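Read the structure below first, then the notes.
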Amino acid sequence: MREFELLQPKTLPDALDALAQNDAARRPLGGGTDLLVDLRAKRVQPDVLIALQKVNELRGVARVNGHVRVGASTPIAEFLKHPLLTPYRALHQAASVFANPMIRNAGTIGGNIGSASPAGDTLPPLLALDAQIELVSASGTRTLALDDFFLGPRKTARNANELIYAIQLPAKENSSATRSCFYKLGLRQADAISLVSVAVWLAREGEKIRDVRIALGAVAPRPLRAKRAEEILRGQIFSETNLKEAARIAAAECSPIDDLRASAKYRRRMVNVYTRRMLEQAWQNL
Amino acid sequence: MNPKLVTLSVNHRTHHVALNPNTTLLSALRDLGYTDVKSGCEKGDCGACTVLVNGIAVNACLQLAWLAEGQDILTVAGLGSSDQPHPLQTAFADFGAAQCGFCTPGMIMSAKALLDERPQPTEAEMRKALSGNLCRCTGYARIFEAIEHAAKQLNVDSRG
Numbered sequence: 027m028r029e030f031e032l033l034q035p036k037t038l039p040d041a042l043d044a045l046a047q048n049d050a051a052r053r054p055l056g057g058g059t060d061l062l063v064d065l066r067a068k069r070v071q072p073d074v075l076i077a078l079q080k081v082n083e084l085r086g087v088a089r090v091n092g093h094v095r096v097g098a099s100t101p102i103a104e105f106l107k108h109p110l111l112t113p114y115r116a117l118h119q120a121a122s123v124f125a126n127p128m129i130r131n132a133g134t135i136g137g138n139i140g141s142a143s144p145a146g147d148t149l150p151p152l153l154a155l156d157a158q159i160e161l162v163s164a165s166g167t168r169t170l171a172l173d174d175f176f177l178g179p180r181k182t183a184r185n186a187n188e189l190i191y192a193i194q195l196p197a198k199e200n201s202s203a204t205r206s207c208f209y210k211l212g213l214r215q216a217d218a219i220s221l222v223s224v225a226v227w228l229a230r231e232g233e234k235i236r237d238v239r240i241a242l243g244a245v246a247p248r249p250l251r252a253k254r255a256e257e258i259l260r261g262q263i264f265s266e267t268n269l270k271e272a273a274r275i276a277a278a279e280c281s282p283i284d285d286l287r288a289s290a291k292y293r294r295r296m297v298n299v300y301t302r303r304m305l306e307q308a309w310q311n312l
Numbered sequence: 002m003n004p005k006l007v008t009l010s011v012n013h014r015t016h017h018v019a020l021n022p023n024t025t026l027l028s029a030l031r032d033l034g035y036t037d038v039k040s041g042c043e044k045g046d047c048g049a050c051t052v053l054v055n056g057i058a059v060n061a062c063l064q065l066a067w068l069a070e071g072q073d074i075l076t077v078a079g080l081g082s083s084d085q086p087h088p089l090q091t092a093f094a095d096f097g098a099a100q101c102g103f104c105t106p107g108m109i110m111s112a113k114a115l116l117d118e119r120p121q122p123t124e125a126e127m128r129k130a131l132s133g134n135l136c137r138c139t140g141y142a143r144i145f146e147a148i149e150h151a152a153k154q155l156n157v158d159s160r161g
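For the protein sequence lines, the chains are X and L, in the order given.
Under the numbering used here, the first residue of the first sequence is numbered 27, with each subsequent residue one higher.
Under the numbering used here, the first residue of the second sequence is numbered 2, with each subsequent residue one higher.
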């Protein structure tokens with residue numbers, strides 16, 4: 027593995043100071059489940075790694091002002107256990123099929139977001155749940171919609187001197203009149219990279235869809251909200267015709283690629299199928 | 002890049018060792034003689050290097066050794082000895098749950114993490130807990146039989 031310096035700050039200010047020095051290529055290190063693989067493959071070549079594991083400010087899950095705030099260092103496995111997190115069904119489902127148990131124990135939510143892989147498994151659920159992301163630097167914090175954070179494959183709106191601080195999950199998006207769900211299509215049951223993933227959040231009002239969000243993984247340069255498909259459904263009756271049309275539009279909105287795991291054509295077809303299934307599943311459970 | 006003297010606690014023994022910052026826990030352990038921890042894919046896919054860090058199963062190939070300082074590391078060699086094997090180790094041998102044996106240390110450590118949390122796991126829980134440990138020889142049936150048997154043994158033992 028390439029040589030690098032390894033810093034282990036114990037506080038957030040120390041971590042941010044370390045990150046702000048721009049004399050060399052610096053990278054924050056979370057659970058390491060992506061970064062160590064990339065280092066070994068020489069896909070990234072930082073001079074300095076800043077390990078965040080001892081920074082307590084980045085840990086913890088708490089209810090804060092109408093949302094649940096999840097520290098960036100929270101391991102994926104925590105989404106399967108923490109009482110404040112398990113009600114976010116789409117996220118819980120994504121966590122339960124995320125890589126494998128060892129990766130879930132080490133890998134963090136901040137890391138999955140920061141890596142910004144188009145196939146990152148927590149990203150469609152977070153988008154469907156309308157998560158916000160808190161970024162912190164020596165000059166303060168800023169919060170933006172997670173949808174504005176992803177710029178392209180492995181490209182994000184995080185500045186080099188910023189750390190992912192936390193994500194915020196709106197508590198009101200998780201009431202009894204709403205439901206979220208997630209499906210990951212891989213080539214095997216576990217330890218798989220998504221071919222396609224679909225997350226849906228739906229709010230019901232009588233026989234109408236009051237509001238809806240659809241997010242797609244692994245079928246565009248970044249995790250994608252299928253906003254035109256959402257428009258078809260918002261405020262409308264939940265009907266077979268509307269559902270079919272929304273699924274068709276979602277498949278048209280994405281831009282999948284051919285690779286060794288699947289063809290673009292197959293991925294697009296599966297977006298259609300699973301968008302429809304997830305909408306049905308969310309509705310039926312309301 | 003300068004090496005640092007790092008204190009690692011492995012199988013309840015303390016080691017002081019000079020390590021470079023880019024040394025993984027996997028290679029530090031193997032260099033210390035813990036060759037029971039296997040080096041497979043080195044990217045977190047195969048589970049051959051599974052160890053417990055503070056009781057939690059992780060891939061040693063994806064941890065930097067410096068960051069393991071002060072943590073309790075348990076490898077399969079620390080579970081039991083030839084004279085006094087752990088019930089999981091006995092069961093893997095008795096049930097023929099190993100063919101080439103390369104995946105076995107990781108399998109046993111993942112099974113140990115599971116049984117610590119769920120002393121009487123269902124088959125689905127066993128399958129899920131071992132889903133990051135790949136066997137390329139012969140399959141998983143005997144491995145699950147061995148874990149089921151070990152779970153029963155451990156539950157009998159703990160009832161005294």
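Positions of the beta carbon are idealized from the N, C-alpha and C atoms, including for glycine.
On a predicted model such as this, the values are computed, not experimentally measured, just so you know.
Who does residue i pair with in a DSSP beta bridge?
i, result
"E83 (chain X)", "The partner list for E83 (chain X) (beta bridge, DSSP) is empty, contrary to what the question assumes."
"G178 (chain X)", "X:K181"
"E160 (chain X)", "X:T169 and X:A192"
"A229 (chain X)", "X:T204 and X:D237"
"S40 (chain L)", "Bridge partners of S40 (chain L): none, in fact."
"V52 (chain L)", "L:V59"
"G97 (chain X)", "X:A192"
"I263 (chain X)", "X:K234"
"R137 (chain L)", "Bridge partners of R137 (chain L): none, in fact."
"L242 (chain X)", "X:V224 and X:L250"
Please compile the residues from chain L whose C-beta is within a distance smaller than 8 Å of the C-beta of residue i.
i, result
"N138 (chain X)", "Simply none; closest approach about 14 Å."
"D147 (chain X)", "Residues of chain L passing the Cβ test: none, with the nearest at roughly 14 Å."
For the alpha helix (DSSP H) holding residue i, just list the boundary residues, first then last.
i, result
"R205 (chain X)", "Run containing R205 (chain X): none in the alpha helix (DSSP H); it sits in the beta strand (DSSP E), T204 to L211."
"P54 (chain X)", "Not the alpha helix (DSSP H): P54 (chain X) falls in the beta strand (DSSP E), residues R52 to L55."
"S10 (chain L)", "Run containing S10 (chain L): none in the alpha helix (DSSP H); it sits in the beta strand (DSSP E), K5 to V11."
"G140 (chain X)", "I135 to S141"
"T267 (chain X)", "E266 to E279"
"V299 (chain X)", "A290 to Q310"
"H118 (chain X)", "R115 to S122"
"R66 (chain X)", "L61 to R66"
"I109 (chain L)", "T105 to E118"
"A216 (chain X)", "Unbroken run through A216 (chain X): none, as it is neither H nor E."
"L152 (chain X)", "L149 to A154"
Where does the unbroken beta strand (DSSP E) through residue i begin, and where does it stop?
i, result
"E31 (chain X)", "E31 to L33"
"N60 (chain L)", "I57 to N60"
"A132 (chain X)", "Unbroken run through A132 (chain X) is the alpha helix (DSSP H), P127 to A132; no beta strand (DSSP E)."
"D95 (chain L)", "No beta strand (DSSP E) holds D95 (chain L); the alpha helix (DSSP H) holding it covers P88 to D95."
"L75 (chain L)", "D73 to L75"
"R14 (chain L)", "R14 to L20"
Using a cut-off of 9 Å between C-beta atoms, extract the partners of residue i located in chain C.
i, result
"L211 (chain X)", "Although the question refers to chain C, the structure presented lacks it and instead comprises the protein chains X and L."
For residue i, tell me which candidate among the options has the shortest Cα-Cα distance.
i, options, result
"R303 (chain X)", "X:S281, X:I193, X:S165 and X:S206", "X:S206"
"G133 (chain L)", "L:A151, L:T105, L:R143 and L:A147", "L:T105"
"E146 (chain L)", "L:Q121, L:D158 and L:S159", "L:Q121"
"G45 (chain L)", "L:A61, L:T36, L:M110 and L:V77", "L:A61"
"G92 (chain X)", "X:L195, X:P151 and X:F175", "X:L195"
"D284 (chain X)", "X:R293, X:A276 and X:A216", "X:R293"
"K198 (chain X)", "X:R214, X:W227, X:G178 and X:K210", "X:W227"
"A114 (chain L)", "L:S82, L:A58, L:G34 and L:C47", "L:A58"
"C42 (chain L)", "L:K153, L:A78 and L:R137", "L:R137"
"Q47 (chain X)", "X:I76, X:S265 and X:K36", "X:I76"
"G178 (chain X)", "X:Q71, X:P249 and X:L286", "X:P249"
"Y209 (chain X)", "X:G243, X:L106, X:S165 and X:N131", "X:G243"
"G140 (chain X)", "X:A116, X:L117 and X:L55", "X:L55"
"R143 (chain L)", "L:D84, L:E118, L:M108 and L:S28", "L:M108"
"L170 (chain X)", "X:R236, X:I193 and X:G212", "X:I193"
"A225 (chain X)", "X:L149, X:G86 and X:A164", "X:L149"
"L155 (chain X)", "X:G232, X:S220, X:T204 and X:Q307", "X:T204"
"T37 (chain X)", "X:S122, X:A164 and X:D237", "X:A164"
"G48 (chain L)", "X:G146, X:R52, X:I129 and X:E233", "X:I129"
"N23 (chain L)", "X:D40, X:P72, X:L42 and X:A44", "X:P72"
Give the interface partners of residue i over in chain X, defined as CB-CB distance under 9 Å, in chain order.
i, result
"Q121 (chain L)", "The premise fails here: Q121 (chain L) is roughly 18 Å from chain X at the closest Cβ pair, so nothing lies under 9 Å."
"M164 (chain L)", "One cannot answer for residue 164 (chain L) here, as it falls past the ends of chain L, which runs 2 to 161."
Can you name the residues of chain L whose CB is closer than 7 Å to the CB of residue i?
i, result
"L25 (chain X)", "In the structure as shown, chain X begins at 27 and stops at 312. Residue 25 (chain X) is therefore absent and cannot be evaluated."
"A44 (chain X)", "None at all; the shortest Cβ gap to chain L is about 14 Å."
"V224 (chain X)", "Under the 7 Å cutoff, chain L gives no residues; its nearest Cβ is about 22 Å from V224 (chain X)."
Just the chain X side, please: which residues come within less than 8 Å of residue i by C-beta, in chain order?
i, result
"S10 (chain L)", "Within chain X, no residue comes near S10 (chain L); the closest Cβ sits about 17 Å away, beyond 8 Å."
"S132 (chain L)", "N126, P127, Q215, A216 and D217"
Just to make sure I have the definition right: I need the residues of chain L whose C-beta is within less than 9 Å of the C-beta of residue i. Which are they?
i, result
"R294 (chain X)", "Ordered by position in chain L, no residue passes the 9 Å Cβ test against R294 (chain X), which lies about 28 Å from the chain."
"N268 (chain X)", "Residues of chain L passing the Cβ test: none, with the nearest at roughly 36 Å."
Please compile the residues from chain X whose C-beta is within a distance smaller than 7 Å of the C-beta of residue i.
i, result
"I57 (chain L)", "N131"
Exercise for the section: Indicate whether the contact test is met: 3 or more Cβ pairs, each with one atom in the segment 182–190 of chain X and one in the segment 157–173 of chain X, closer than 8 Å. Expected result: yes
Problem - contact_flag[the segment 108–115 of chain X, the segment 130–137 of chain X] where n(CB pairs < 8 Å) is 3 or more - result: no
Problem - Three CB pairs or more closer than 8 Å across the segment 206–216 of chain X and the segment 249–263 of chain X - result: no
Handout entry: Inter-stretch contact (C-beta, 8 Å, three-pair minimum) for the segment 58–78 of chain X and the segment 61–71 of chain L
Key = yes
Exercise for the section: Take every Cβ of the segment 13–20 of chain L, pair it with every Cβ of the segment 269–276 of chain X, and state whether three or more of those distances are shorter than 8 Å. Expected result: no
Practice task
Decide yes or no for the touch test of the segment 71–83 of chain L against the segment 46–57 of chain L: beta carbon pairs closer than 8 Å, at least 3 of them.
Solution key: yes
Handout entry: Validate contact between the segment 90–107 of chain X and the segment 115–127 of chain X using beta carbons, cut 8 Å, 3 pairs
Key = yes
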